[in-house]
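Numbering (the UniProt record's numbering), first residue to last: 1 to 366.
Note that beta-carbon positions come from the ideal geometry of N, C-alpha and C, so glycine has one too.
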Amino acid sequence: YFAPHNLEIELPRAWESSDFNLDAFLYSCQHYWRHDVPISSRPAGGTSVILSGLGDLASDPILAKYWAQRFRLFSRFNEGVQLDRDGFFSATPEVIAAHQARRVYRALVSDPSAVHRRTVIDACSGAGVNSIQLALLGFHVISVEIDPARIAMSMHNAQIYGVQSRIEFVCADFFTWARHKLNETKKTRDTPPYDAVILSPPWGGPTYLEQSVFDLDSIRFGRSPSYDIWLATELASQLSLGNVVIFLPRNTNMTQLPALSAPLRSARLLWSSCKHFAKQWCRDEMELEVEVNLINSKIKALTVYSGDLCISHRSTDRPTWSTGEVAFGHDENNNNNHLHVDSDPSSSSSCSSSSGFYLSASEGNY
């Protein structure tokens, strides 16, 4: 087969970018042609050990799709990214992590030159997808992960993206670490030390899709029965004055989401003397924003935002949308429309996030 002489190929804008990732771009075009990106043979600080056997995922009928989507997790996967088997199931897709980071940035950063003074916690950080995307925007990130092997992976991956100096890696149980930090902080100050927390709880592997409705009570952090999503949300809220991002499965039981307002409101009791707290949290309701995350027009997950991260809290000071972003949707409280579409030309996928509704619960209902 020979192409006609007058064939014209129009390259995307991303082709002009110095950091354009050809492998990721070809992967995103798999609907048009088959492109099997080879595993990088370059050893990079133990990469051969971490990646040992992962190529077998391609031949596993159950796990093959996760291997095929590896560039969704890290667009620079072929540069030596380290990821264990569980990471393929649990890591936040990079394009969604980047979108979540931009949401936090727009909500909290008014002076770009001072973004490094803002500290965001990535709880249960895994291989570091969220930590890296936050650090790329200039945040100081505290990456908390209980597994030392994953801490090592996260540090290595951050180095590939050039942001390791902006991330503080903590190998600890998030619950124990959070309680220690809260006790330590209350002795010296009357305001929480952190600006936001991104919480990506374990979903239990790919079996979560076998459930018609995902029960939030099934989320467990380790072996302790008390380490559940409710306690994790409570600690995250207390650490950040309610500025929490929670990443959940797309089949989450929506009727359970209003119950998250109770642990989120716990920050009210802990920081009752904080002036900012008294001004922003005087009402009886705790508002949650539920965002539907789509990749290439398919629903991937839900993201819950609270506190100052909710769009309605900054409706009078809306950000300037960049190229590739649009706003549409419906806010029942003020009739403003908003649907965020983040499309980064250099990424392998586009991410649409529809924040079409809010949930709120009155004091005492839960």
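Let me make sure I understand the geometry here. Which of the options has the alpha-carbon closest to that of residue i?
| i | options | result |
| --- | --- | --- |
| Y194 | S165, L260, Q256, H116 | H116 |
| G222 | A236, S212, D173, P258 | D173 |
| W203 | A196, S218, A114, T191 | S218 |
| Q133 | W177, A101, S125, W230 | A101 |
| K187 | W67, Q82, W271 | W271 |
| N293 | V141, R250, I121, K181 | R250 |
| R179 | K300, L231, S212, I167 | L231 |
| V141 | T119, M153, W177 | T119 |
| M153 | S297, A68, V81 | V81 |
| L209 | W67, L73, K300, V290 | K300 |
| S212 | R220, V304, M254 | M254 |
| L260 | W177, S113, L216, K65 | L216 |
With a threshold of 8 Å on Cβ separation, who are the neighbours of residue i within its own chain once the five nearest residues in sequence on each side are excluded?
| i | result |
| --- | --- |
| G205 | D86, F89, S90 |
| T207 | none |
| K298 | none |
Quick one: what's got a C-beta closer than 6 Å to residue i's C-beta in the same chain, skipping five residues either side?
| i | result |
| --- | --- |
| V306 | The sequence shown places Ser at residue 306, rather than the Val named in the question. Excluding sequence neighbours, S306 sits near G242, V244, L264, L288. |
| F175 | Y227 |
| T252 | F214, L302 |
| D308 | A107, N243 |
| E234 | P263, S266 |
| G138 | V115, H116 |
| E79 | I160 |
| A135 | V141, V163, R166, I167 |
| I229 | P201, L216, I219 |
| K181 | none |
Closer than 7 Å by C-beta to residue i: which residues in its own chain qualify, once you throw out the five before and the five after it? Chain order, please.
| i | result |
| --- | --- |
| T92 | V129, N130, S200, F247 |
| A236 | A123, V197, L199, V244 |
| G45 | Any answer about G45 is weak, because its pLDDT of 44 lies below 50 and its placement is not dependable; what the coordinates show is given next. Within the same chain, G45 has close Cβ partners H156. |
| S256 | Checking the sequence shown, residue 256 turns out to be Gln, not Ser. The residues are L216. |
| W177 | V144, V170 |
| S125 | S131, S143, V144, E145, S154 |
Give the C-beta separation of residue i and residue j to the nearest angstrom, bearing in mind that I take them to be a contact with Cβ-Cβ under 8 Å.
| i | j | result |
| --- | --- | --- |
| L239 | V197 | 6 Å |
| A127 | L83 | 5 Å |
| D122 | V144 | 7 Å |
| F74 | N183 | Contact doesn't hold; Cβ gap of about 36 Å is too wide. |
Are the segment 91 to 98 and the segment 156 to 165 in contact at 8 Å, needing three or more beta carbon pairs? no
Evaluate contact between the segment 141 to 156 and the segment 105 to 112, counting only Cβ atoms and requiring at least three cross-stretch pairs below 8 Å. no
Entirely within the segment 78 to 128 and at least 4 residues each: give me those alpha helix (DSSP H) ranges in chain order. 85 to 90, 94 to 108
Can you check the segment 200 to 269 for any beta strand (DSSP E) of at least 3 residues that lies completely inside it and give the ranges in chain order? 244 to 249
Sequence ranges, beta strand (DSSP E) only - wholly within the segment 137 to 198, length at least 3: 140 to 145, 167 to 171
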